[in-house]
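Numbering (this note's numbering), first residue to last: 25 to 401.
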Amino acid sequence: MLSWGGRSFAWYPTGSMRQLVMSGYSATYGYDAKDERVAWVDSTEPGIHYTLRGLSNEILREVHELNGVWSWRKDYIFAGTTHIATVDSSGLTHVHKDHLGSTRVVTNSAGSKVSEHRYWPFGEEMTVTSSPERMRFAGHERDSQTSLDYMHARYYAPFGGRFLSVDPGRDFDPSHPQTWNLYAYVRNNPVTMTDPAGREVYLYNRPVQDFPLARHVFLVVRLTGENKKLFGNRAVKGEFLIVSGMPGVSPGVKGQALVRWYTDSLESATHRIVIQPRSQSRQQFEKNVLEAFGKYQNDQHYNAQDVGGKNSNSLISGILDAAGAKEAKPSSSELEGWVPGWNDPVKLPDVTKNDGTEEEMKELVKITSEYPPNQPE
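1) Go through its chain and collect everything with a Cβ distance to Leu26's Cβ below 7 Å, but skip five positions before and after it.
2) Around the C-beta of Glu310, are 16 or more other C-beta atoms found within 10 angstroms, so that it is buried, or is it exposed?
3) What span of residues does the beta strand (DSSP E) with Ser338 cover, start to end?
4) Report back the beta-carbon spacing between Tyr207 and Phe187 to the nearest angstrom; my notes put them in contact at under 8 Å.
5) Under the assumption that Trp362 contacts Gly184 (Cβ atoms under 8 Å), give the Cβ distance between them as a whole number of angstroms.
6) Look up Pro182 in the DSSP assignment and give the residues it is bridged to.
7) Judging by CA-CA distance, which residue of Ser336, Tyr228, Leu359, Pro369 is the nearest neighbour of Pro346?
8) Taking the straight line between their C-alpha atoms, what separation do you get for Ser139 and His120?
9) Mind checking whether Glu149 and Arg158 have CB atoms under 8 Å apart?
10) From the DSSP output, in three-state form, read off Ala316 for me.
11) In terms of alpha-carbon separation, which member of Tyr49, Ala238, Phe146, Trp144 lies closest to Leu359?
12) Helix, strand or coil for Gln43 per DSSP?
13) Near Ser126, what residues of its chain come up, given a Cβ to Cβ distance below 8 Å and the 5 sequence neighbours on each side ignored?
14) Would DSSP call Lys58 helix, strand or coil?
15) Which stretch, first to last residue, makes up the beta strand (DSSP E) that contains Trp362?
16) State the Cα-Cα distance for the pair Leu339 and Ile108, rounded to the nearest angstrom.
17) So is Val283 buried or exposed if we call it buried at 16+ other beta carbons inside 10 Å?
18) When you compare only the Cα positions, how much space is there between Asn205 and Pro373?
19) Would you tell me roughly how many angstroms separate the C-alpha atoms of Gly30 and Ser168, rounded to the nearest one?
20) According to DSSP, Ile108 sits in a beta bridge with which residue or residues?
21) Just to confirm the assignment, what range does the beta strand (DSSP E) spanning Ala34 have?
22) From this set, Ser40, Ser133, Asp66, which residue's C-alpha is nearest Glu60's C-alpha?
23) Do you know how far the Cα of Ser336 is from the Cα of Lys98?
24) Select from Val152, Leu247, Asp66, Glu165 the residue whose C-alpha is nearest the C-alpha of Gln308.
25) Taking buried to mean at least 16 other C-beta atoms within 10 Å of its own C-beta, is His176 buried or exposed?
26) For Ser139, write down the residues that DSSP places opposite it in a beta bridge.
27) So, helix, strand or coil for Ala162, using DSSP?
28) Taking 7 Å as the cut-off, does the CB of Met25 come closer than this to any heavy atom belonging to the ligand HEM?
29) Starting from Asp66, follow its DSSP beta bridges and name the residues at the other end.
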């Protein structure tokens, strides 16, 4: 897209926005080797604005540089992967979020309300606010001058409910018309869903078929870097893998990982949470999750209706523990609905690594290729 809503855009060959021009404002953006936005210059202030990011690409600090002089602007505080507070020259403020992760209320250190944010379904604010809080709709970075949200992989226009570029993951399913428009936001279901934001391991949550009071959780892994080369031939369009447990034919759990995107129901998955240990890079965490699944030996015996024992939710909970995400993993109270088995994880060997050797990855490809024995087409 080259223009929309009085704004003109120029793009790098990688698909990242290079420049934006609108009435009374212009900006040029810079990105790091992972294509994360880390700097920009604009027409409101001379010098360069920098954002320092963590391993999960979350923004940690804003600084400004002019003629070799650096000045601190703001720090962002996270609990796991959730932004909870901001520190700037005026002091500490706390952010209070809704079920989508959108900032709804900002309070100061005394507990007094500083600002309140109310959104239309697709993220546009109902009233103009002068709040300096940058993390707004669904927890994404909103550029106050342009009213665009930086969602890592793409820029999003909440005033139109559309992205400015197509979905890099090509989430297209002919059986679901809401996926036909690759500029659409979360299949036009913004009240219960959020965009992945460029992070790579997501926890999905949907009702159990024929028993909607209970919830079934599963993981969606978006492959990056070397992982895409190693596992892409078994991924949907070379991009995504699903890690999901299911009842075995006679007793036990058979893992259902590395199957096609639509073998588990994303359409009815009304809630998802990004799982990302801050001590691991995205690519390493992907490897750890897949290796943890490869360690599962299908040795858990349970009945699908036995809500008091281990089940498919226990498997996913155990995989996250073994992959080093025990602290980042949400508690059962943070998940939507009743998730039986979540607090009784399957015990798997700890596979947490800082990096993987070529030999280890070859072994991992061999292990995961065995699951499932017969992949559905």
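Every residue gets a Cβ at the ideal spot worked out from N, C-alpha and C, and that includes glycine. It should be emphasised that the depicted structure is a prediction, and the values quoted were computed from it without experimental measurement.
A quick look at the data gives this:
1) Ser32, Phe33
2) buried
3) Segment 336-346 is the alpha helix (DSSP H) holding Ser338; no beta strand (DSSP E) there.
4) 5 Å
5) Rounded, the Cβ-Cβ distance is 37 Å, inconsistent with contact.
6) Beta-bridge pairing links Pro182 to no other residue.
7) This sequence places Ala at residue 346; Pro is not what is there. Answer by Cα proximity: Pro369.
8) 11 Å
9) no
10) helix
11) Ala238
12) strand
13) His141, Tyr143, Gly147, Arg160, Phe161, Ala162, Gly163
14) coil
15) That residue, Trp362, is in no beta strand (DSSP E); it is neither H nor E in DSSP.
16) 30 Å
17) Because the pLDDT of Val283 is 35, which lies under 50, any placement of that residue in the model is unreliable, and the question is left without a value.
18) 42 Å
19) 15 Å
20) Paired residues: none, contrary to the question.
21) 31-35
22) Ser40
23) 42 Å
24) Leu247
25) buried
26) Val130
27) helix
28) This structure does not include the ligand HEM; it has no bound ligands of any sort.
29) Ala51, Glu69
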